[in-house]
Structures are given as structure tokens and as C-alpha cells.
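Enquirer: Here you go, one structure.
2 protein chains.
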Amino acid sequence: MRIGILGTGMVGKAVAARLAGLDHEVLVGTRDPAATLAREEPDRYGNPPFRVWLEQHPDVKLGGFADAAAHGELLVNATAGEASLDALRLAGEANLDGKVLLDVANALDYSRGMPPTPLVSTTDSLGERIQRAFPAARVVKALNTMSALVMVNPRQLADGDHTVFVCGDDAEAKALVTGLLADGFGWRDVIDLGGLSAARGTEMVLPVWRRLWGALQVPMFNFKVVR
Amino acid sequence: MRIGILGTGMVGKAVAARLAGLDHEVLVGTRDPAATLAREEPDRYGNPPFRVWLEQHPDVKLGGFADAAAHGELLVNATAGEASLDALRLAGEANLDGKVLLDVANALDYSRGMPPTPLVSTTDSLGERIQRAFPAARVVKALNTMSALVMVNPRQLADGDHTVFVCGDDAEAKALVTGLLADGFGWRDVIDLGGLSAARGTEMVLPVWRRLWGALQVPMFNFKVVR
Chain A
208 MRIGILGTGM VGKAVAARLA GLDHEVLVGT RDPAATLARE EPDRYGNPPF RVWLEQHPDV
268 KLGGFADAAA HGELLVNATA GEASLDALRL AGEANLDGKV LLDVANALDY SRGMPPTPLV
328 STTDSLGERI QRAFPAARVV KALNTMSALV MVNPRQLADG DHTVFVCGDD AEAKALVTGL
388 LADGFGWRDV IDLGGLSAAR GTEMVLPVWR RLWGALQVPM FNFKVVR
Chain B
208 MRIGILGTGM VGKAVAARLA GLDHEVLVGT RDPAATLARE EPDRYGNPPF RVWLEQHPDV
268 KLGGFADAAA HGELLVNATA GEASLDALRL AGEANLDGKV LLDVANALDY SRGMPPTPLV
328 STTDSLGERI QRAFPAARVV KALNTMSALV MVNPRQLADG DHTVFVCGDD AEAKALVTGL
388 LADGFGWRDV IDLGGLSAAR GTEMVLPVWR RLWGALQVPM FNFKVVR
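Line by line, the protein sequences are chains A and B.
Residues in the first sequence are numbered consecutively from 208, following the numbering used here.
Residues in the second sequence are numbered consecutively from 208, following the numbering used here.
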């Protein structure tokens with residue numbers, strides 16, 4: 208499948224590498240490809256610059272947001288949540304028309320200083336804001352409740368004995384994403400929470416996730432819904 | 208130990224019955240004991256009225272909020288979260304002085320109609336509001352991320368292979384609660400999330416918990432932090 212990924216951060220790279228390894232045709236989009244390639248300094252976590260990563264992943268292509276959106280039959284929003292609507296506007300509404308848009312993002316507010324404050328609400332969510340702004344896209348929220356490494360390689364943690372949530376208003380889009388998660392990434396427990404408004408709940412997992420990261424000292428953990 | 212429990216709802220009854228069964232001296236407090244005993248109709252979930260429950264649990268005593276707070280060496284806030292500060296004021300600040308106060312509550316806003324909206328915030332929590340209002344109490348937040356039956360009988364679900372979170376600013380208070388959870392209720396995995404501000408995170412679990420309840424159709428489930 209042709210997949211367009213918006214965002215060149217940890218999540219974008221992890222998802223792109225995994226999908227390319229599954230023989231999908233992956234194009235990663237960024238605001239300014241030349242600027243992304245020109246960066247020489249490591250990212251804030253000490254990872255090598257994107258150019259080095261791209262050389263290590265020759266199957267992945269780089270382009271602008273619009274290139275990625277035009278390329279993909281499936282699109283993945285892996286931008287920083289507070290910049291997602293902007294990135295999607297640059298991707299171009301026509302390029303989103305009818306596309307399944309897997310939204311992995313969480314929004315953070317840096318205006319109060321570090322650490323940033325999660326931007327969440329009990330009456331709205333980033334996933335719903337994206338769906339309202341681009342009604343012809345078929346938004347599915349998933350994978351936003353864990354670190355990037357767990358997202359794409361769930362079997363590396365407890366042989367995959369833990370849970371990923373999906374939600375969205377389009378059943379067919381949700382089925383496509385569920386298939387990718389289960390058959391592609393290897394998820395054993397995908398729970399369908401219903402319509403996209405459930406993203407209010409999954410986006411609110413971030414604060415306890417961050418406290419857990421602090422308590423456990425490693426990001427390689429996830430929630431399992433025991434029932 | 209003498210334990211005072213504020214609240215006669217499902218959580219108050221579950222915690223009271225379990226603690227009385229562990230041979231603690233339990234006094235449950237309510238706003239108006241005569242009115243609580245006079246109720247003849249079932250509660251909103253179809254459970255028999257409190258008077259019937261009390262007759263079935265002769266080891267548990269009933270009194271006012273202040274009676275329960277005066278009685279307890281350990282206090283449990285099992286009131287509806289939006290009414291907790293009021294209940295604690297009626298319990299009396301002097302009766303809270305130096306007491307460990309286990310806060311199990313989540314606040315819900317009924318003003319927008321049903322279902323109620325969880326009252327949560329990324330910059331504050333009910334646990335912290337209680338601690339600020341009663342600085343001499345030693346507030347520990349725990350058990351607020353699951354249904355009442357799971358709280359007090361974790362081994363009834365997957366032999367207890369799931370997680371409860373605790374947080375609070377008083378290490379000794381947290382240790383007392385952790386001991387009660389582990390040795391009393393039978394919790395196998397108690398994760399200390401640090402200071403009481405972590406209650407912002409655990410209180411925000413409610414929205415995804417409610418969606419899960421809808422998806423799974425039963426409240427007998429819980430999160431396990433797999434690591």
C-alpha cells in the first residue's frame with residue numbers, strides 16, 4: 208500500500224521504518240524537506256539528524272506535507288499535536304479527500320514552560336478537531352497511548368500481551384487500521400472504543416503515561432486491559 | 208484499625224464491607240444518617256436501600272460525616288467527587304488533623320446532562336484540592352481508576368494480575384495505604400506515581416475507563432501496566 212506519513216520526529220520515523228519493512232511504499236512529509244535534510248545537530252533526545260536516519264532507510268522517501276498526502280492511500284498524522292492542523296492544511300484538503308487518516312498525535316502546550324502540559328478536554332479532542340476541519344478525511348485515532356517503539360513493535364514487550372485502542376466514526380477506515388495493527392505490527396489485543404469522541408479518553412491517558420514514565424524510568428511499557 | 212468512611216454509595220459500601228471483613232472497626236459517615244436509613248427505594252443501579260445493606264453488615268456502624276472522621280485513624284473519601292469538599296467540611300477540619308485520608312473519588316459534572324462529564328484538569332486535581340483545603344490531612348489518592356468490586360477484591364479478576372496507582376505528598380501515609388492495599392485487599396502490583404499532583408493523571412483515566420466499560424459491557428476490568 209502507498210502510505211504517506213506526516214512528521215519526521217520519533218513517531219514518524221518509527222512508523223515509517225516499520226511500514227517500509229513490511230513492504231509498503233512510504234513517503235514521509237515535512238514542512239520544508241530541504242531544511243529537514245540540512246539539520247546536522249542531533250534531536251532533543253540525542254538521536255542523529257534526520258538525514259542520517261534517511262540514509263539508513265533507503266526505502267523511505269522524503270517530501271513535503273502535500274507530497275506525502277498525495278502519495279498515500281493511507282495517511283498517518285505523526286506531527287506534534289499542537290501543529291497537526293497546520294500540517295494538514297499544508298498537506299492540502301484535496302489530498303485528504305476520502306483517505307484513511309490514522310491520527311497518532313497528542314497535543315502539548317509549551318507556553319507554561321517545561322515539562323509541557325497536555326492539551327486535553329472532556330468535551331473535545333485533537334482527533335475530533337482534525338475530523339471537523341477535514342470532514343472528507345476518515346480519521347481513526349490509535350497508538351497515541353504509548354511510546355513509539357511499543358507502537359510498531361508490540362511483541363518486543365511481554366510478547367505483545369497488552370492493549371492498543373482504536374476509535375473513529377468510519378467503520379471501514381477503522382477496520383483497515385485494525386488490520387494494519389494486528390497483521391502488520393503484530394498487535395494481539397486491539398480494542399475498538401467506538402466513535403471518534405473516544406479520543407477524548409485516549410488523549411487523556413498521556414498525563415498518567417508521563418507519570419508512569421517517571422516512576423518506571425523507562426518508556427518501554429504499556430497498558431493491558433485485563434478482563 | 209479504626210477506619211472512618213465518608214459516603215454510602217457503591218464505593219463506600221464495598222470498601223466498608225471489605226475492611227470490616229478484615230476485622231477493622233468501620234464507621235461509615237453520611238450527611239444525614241436518619242435520612243439515609245429512611246430511604247426505602249433501591250439506588251440508581253437497582254441495589255437495595257442502604258438500610259438493608261447495613262442489616263447485612265452488622266459489624267459496620269453508621270453515623271454522620273463528623274462521627275466517621277472522629278472515629279477513624281484512617282479516613283476514606285468515598286463521596287461523589289463533586290460533593291467531597293462539602294462532605295469534608297462537615298466532617299470537620301479538626302477531625303482530619305494528622306489523619307491519613309485515602310481519596311478514592313472522581314468528580315463528575317451533571318450540569319450538561321447525562322452521561323455526566325468528568326471534571327478533570329491537567330493543572331489541578333480533586334486530590335490536590337482536598338489537600339489544599341485541609342492541609343493537616345495526609346491525602347493519598349488511590350483506587351479511583353476502576354470499579355468498586357475490583358478495588359477491594361483484585362484477586363477476583365485474573366488472580367490480581369493488574370495494577371493500582373497510589374500518589375501523595377506524605378511518604379508515611381502512602382506506605383500505610385500501600386500496606387492496606389497489598390496485605391489487606393490483596394493487590395499484587397501497587398505503583399507509586401510520586402507526589403499528589405499525579406492525581407491529575409489518574410483522575411483523567413476515568414474518560415477512557417467509561418468508554419471501555421461501554422466497549423466491554425462489563426465493569427469488571429482493570430489496567431495492568433505491562434513492563
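Backbone N, C-alpha and C fix where the C-beta goes; we use that ideal spot for every residue, glycine too.
Taking just the CA atoms, how far does Arg246/B sit from Phe257/B?
Expert: Locating residue 257/B in the second sequence gives position 50, counting from the first residue. Locating residue 246/B in the second sequence gives position 39, counting from the first residue. For Phe257/B and Arg246/B, the distance between alpha carbons rounds to 7 Å.
Enquirer: Would you report the Cα separation of Gly211/A and Gly305/A, rounded to the nearest angstrom?
Expert: Indexing the first sequence from 1 puts residue 211/A at position 4. Indexing the first sequence from 1 puts residue 305/A at position 98. One C-alpha to the other measures close to 14 Å.
Enquirer: Whole alpha helix (DSSP H) runs in the stretch 222-286 of chain B with 4 or more residues, listed along the chain?
Expert: 240-245, 257-263 and 272-278
Enquirer: Quick check on DSSP: helix, strand or coil for Asp390/A?
Expert: In the first sequence, the residue the question calls residue 390/A occupies position 183. Helix.
Enquirer: DSSP three-state call for Gly402/B: helix, strand or coil?
Expert: Residue numbering aside, residue 402/B sits at position 195 when the second sequence is read from its first letter. Coil at Gly402/B, not helix or strand.
Enquirer: Going by DSSP, name the residue or residues bridged to Ile337/B.
Expert: For the purposes of this step, residue 337/B is taken as the residue at position 130 of the second sequence. The partner list for Ile337/B (beta bridge, DSSP) is empty, contrary to what the question assumes.
Enquirer: Taking only beta-carbon positions, decide if Val347/B is within less than 8 Å of chain A.
Expert: Translated into positions along the second sequence, residue 347/B becomes position 140. Judged by the 8 Å Cβ criterion, Val347/B is not in contact with chain A.
Enquirer: Distance, Cα to Cα, Gly367/B vs Val259/A?
Expert: As a position in the second sequence, residue 367/B is number 160, starting the count at 1. As a position in the first sequence, residue 259/A is number 52, starting the count at 1. Distance between the alpha carbons of Gly367/B and Val259/A is about 46 Å.
Enquirer: Against Ala285/B, what residues of chain A qualify as contacts under a CB-to-CB distance less than 7 Å, listed in chain order?
Expert: Reading the second sequence from its first residue, position 78 is the one you call residue 285/B. The contacting residues do not exist; Ala285/B stays about 21 Å from chain A at best.
Enquirer: For Asn429/A, report the span of its beta strand (DSSP E) as first-last.
Expert: Residue numbering aside, residue 429/A sits at position 222 when the first sequence is read from its first letter. Here the beta strand (DSSP E) through Asn429/A covers Asn429 to Val433.
Enquirer: How long is the line joining the alpha carbons of Trp394/A and Glu280/B, rounded to whole angstroms?
Expert: Numbered from its first residue, the first sequence carries residue 394/A at position 187. Numbered from its first residue, the second sequence carries residue 280/B at position 73. Computed Cα separation, rounded: 47 Å.
Enquirer: Does any CB atom of chain B fall closer than 8 Å to the CB of Val327/A?
Expert: Here residue 327/A refers to the residue found at position 120 when the first sequence is read from its first residue. So, interface residue.
Enquirer: Please state whether the Cβ-Cβ distance between Ile337/B and Val346/B is less than 8 Å.
Expert: One-based indexing of the second sequence puts residue 337/B at position 130. One-based indexing of the second sequence puts residue 346/B at position 139. Cβ distance < 8 Å, so Ile337/B and Val346/B count as in contact.
Enquirer: Return the first residue and the last residue of the beta strand (DSSP E) that Val307/B is part of.
Expert: Along the second sequence, one-based indexing puts residue 307/B at 100. That run of the beta strand (DSSP E) goes Val307 to Asp310.
Enquirer: Within the same chain, show all residues whose beta-carbon is closer than 6 Å to that of Pro426/A, passing over the 5 residues directly before and after it, in chain order.
Expert: Counting from 1 along the first sequence, the entry for residue 426/A is found at position 219. Result list for Pro426/A: Ser354 and Trp420, in chain order.
Enquirer: What separation, rounded to the nearest whole angstrom, lies between the Cα atoms of Asn284/A and Lys220/A?
Expert: For the purposes of this step, residue 284/A is taken as the residue at position 77 of the first sequence. For the purposes of this step, residue 220/A is taken as the residue at position 13 of the first sequence. Distance from the CA of Asn284/A to the CA of Lys220/A, rounded to the nearest whole angstrom, comes to 12 Å.
Enquirer: What separation, rounded to the nearest whole angstrom, lies between the Cα atoms of Leu333/B and Asn360/B?
Expert: Translated into the one-based positions of the second sequence, residue 333/B becomes position 126. Translated into the one-based positions of the second sequence, residue 360/B becomes position 153. Computed Cα separation, rounded: 25 Å.
Enquirer: Tell me the residue span of the alpha helix (DSSP H) that contains Gly421/A.
Expert: Position 214 of the first sequence, counting from 1, holds the residue named residue 421/A. Per DSSP, Gly421/A belongs to the alpha helix (DSSP H) from Leu413 to Leu423.
Enquirer: Check distances from the C-beta atoms of the stretch 295-328 of chain B to those of chain A and list, in chain order, the residues that come in under 7 Å.
Expert: Thr324, Pro325 and Val327
Enquirer: Indicate whether the contact test is met: 3 or more Cβ pairs, each with one atom in the stretch 391-406 of chain A and one in the stretch 235-244 of chain B, closer than 8 Å.
Expert: Here the stretch 391-406 of chain A makes no contact with the stretch 235-244 of chain B; the two share fewer than three CB pairs at distances below 8 Å.
Enquirer: Would you list the one or two residues that DSSP bridges to Val373/B?
Expert: Along the second sequence, one-based indexing puts residue 373/B at 166. In DSSP, Val373/B forms a bridge with Ala349/B and Asp399/B.
Enquirer: Can you name, in chain order, every residue of its own chain whose Cβ lies under 6 Å from the Cβ of Leu326/A, other than the five neighbours on each side?
Expert: If you number the first sequence from 1, residue 326/A lands on position 119. Only Ala314 and Asp316 meet the Cβ criterion.
Enquirer: How many angstroms separate the CA atom of Leu364/B from the CA atom of Asp377/B?
Expert: For the purposes of this step, residue 364/B is identified with residue 157 of the second sequence, where counting begins at 1. For the purposes of this step, residue 377/B is identified with residue 170 of the second sequence, where counting begins at 1. Spanning the two alpha carbons is a distance of roughly 30 Å.
Enquirer: Return yes when the Cβ of Ala276/B is within less than 8 Å of the Cβ of Leu269/B, no when it is not.
Expert: Taking the second sequence and counting its residues from 1, one reaches residue 269/B at position 62. Taking the second sequence and counting its residues from 1, one reaches residue 276/B at position 69. No, they are not a contact pair.
Enquirer: Since Arg319/B is in the alpha helix (DSSP H), which residue starts that stretch and which ends it?
Expert: Here residue 319/B refers to the residue found at position 112 when the second sequence is read from its first residue. No alpha helix (DSSP H) contains Arg319/B, which DSSP labels as neither H nor E.
Enquirer: Against chain A, does Leu333/B count as a neighbour if the rule is that its beta carbon must be under 8 Å from one of theirs?
Expert: As a position in the second sequence, residue 333/B is number 126, starting the count at 1. Not one chain A Cβ lies under 8 Å of Leu333/B.
Enquirer: Could you list which residues in chain B have their beta carbon closer than 9 Å to that of Pro265/A, in chain order?
Expert: Locating residue 265/A in the first sequence gives position 58, where the first residue counts as 1. Here the premise fails: no neighbours, minimum Cβ distance about 34 Å.
Enquirer: With the cut-off set at 8 Å, would you say Val397/B and His369/A are in Cβ contact?
Expert: Taking the second sequence and counting its residues from 1, the one referred to as residue 397/B is at position 190. Taking the first sequence and counting its residues from 1, the one referred to as residue 369/A is at position 162. Contact flag unset, no.
Enquirer: Quick check on Ala405/A - is its C-beta less than 8 Å from some C-beta in chain B?
Expert: The residue you call residue 405/A lines up with position 198 of the first sequence. So yes, Ala405/A belongs to the interface.
Enquirer: Output needed for Met411/A: all residues of its chain with C-beta closer than 6 Å, excluding positions within five of it in sequence on either side, in chain order.
Expert: As a first step, residue 411/A is located in the first sequence; it is residue number 204 there, counting from the start. Here the set comprises Val327.
Enquirer: Pro414/B touches chain A at which residues, Cβ-Cβ below 8 Å?
Expert: Position 207 of the second sequence, counting from 1, holds the residue named residue 414/B. Correct list: Thr329, Arg407, Gly408 and Met411.
Enquirer: Within 8 Å (strictly less), CB to CB, does Leu364/B reach chain A?
Expert: By one-based count along the second sequence, residue 364/B stands at place 157. So yes, Leu364/B belongs to the interface.
Enquirer: Applying a beta-carbon distance threshold of less than 7 Å, which residues of chain B neighbour Arg418/A?
Expert: On the first sequence, position 211 is the one that residue 418/A refers to. The answer, in chain order, is Leu400, Gly401, Ala405 and Gly408.
Enquirer: Looking at the unbroken alpha helix (DSSP H) that takes in Arg296/B, where does it start and where does it end?
Expert: To locate residue 296/B, count along the second sequence from 1; it is residue 89. Its alpha helix (DSSP H) spans residues Ser291 to Ala298.
Enquirer: If I follow the unbroken alpha helix (DSSP H) through Leu213/A, where does it start and stop?
Expert: Numbered from its first residue, the first sequence carries residue 213/A at position 6. Counting along the chain, Leu213/A falls outside any alpha helix (DSSP H), though it belongs to the beta strand (DSSP E) covering Arg209 to Leu213.
Enquirer: Out of Trp416/A, Pro323/A and Leu308/A, which one is the CA nearest neighbour of Ala349/A?
Expert: Numbered from 1 along the first sequence, position 142 holds the residue referred to as residue 349/A. Out of Trp416/A, Pro323/A and Leu308/A, Leu308/A has the C-alpha closest to the C-alpha of Ala349/A.
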